[in-house]
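Read the structure below first, then the notes.
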Amino acid sequence: MAKKEYIYATGKRKSSIARVNIIPGTGKITVNKKDMNEMFTLDTLKAIILKPFNVANMMEKYDVEATVHGGGFAGQAGAIAHGIAKALATTDPEVRTILKRNGLLTRDSRVKERRKYGLKKARKAPQFSKR
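Per the working numbering, the very first residue in the sequence shown carries number 10; after that it's consecutive.
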């Protein structure tokens, strides 16, 4: 049997779930079979995705193949970053401590609050009238 040449991890953020494979390579990032630049046009979202590599000083050591679904662009970018961080953490114990110290291995559990009856949104009430 051939040795597994990729590292797999799952990242989550809001309602987005990303399945991430990192493969030793040149730093190419593919999201849903498209280039990262094609999928995410905002520089802030690209920076979020690349943050685990920047923190771990592994910018061009791995290629990333990610499949992401659910949520919007910001949630998807966060999910991919979480998956990349989890995958990088398995490569080396020192990298794991660096990523953990920067809070990249912790899932950001903030999600949209449910709407309550009698209110317009989760917490926004209709205008109060005294008379």
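We put the CB at the ideal spot given by N, CA and C, even for glycine.
Bear in mind the structure is a predicted one, so any value in this text is a computation, not a measurement.
- The three-state secondary structure of Val-104, taken from DSSP, is helix.
- When C-alpha distances from Ala-86 are compared across Glu-122, Asp-101, Ala-98 and Asn-41, the shortest belongs to Asn-41.
- With 16 or more other Cβ atoms inside 10 Å of its own Cβ, Pro-61 counts as buried.
- Judged by DSSP secondary structure, Val-40 falls within the beta strand (DSSP E) whose first and last residues are 38-40.
- Collapsing the DSSP output to three states places Lys-60 in a helix.
- When the alpha-carbon of Lys-70 is set against those of Ile-38, Gly-81, Ala-56 and Leu-51, the nearest one is in Ile-38.
- The Cβ atoms of Ala-27 and Ile-107 lie no closer than 8 angstroms to each other.
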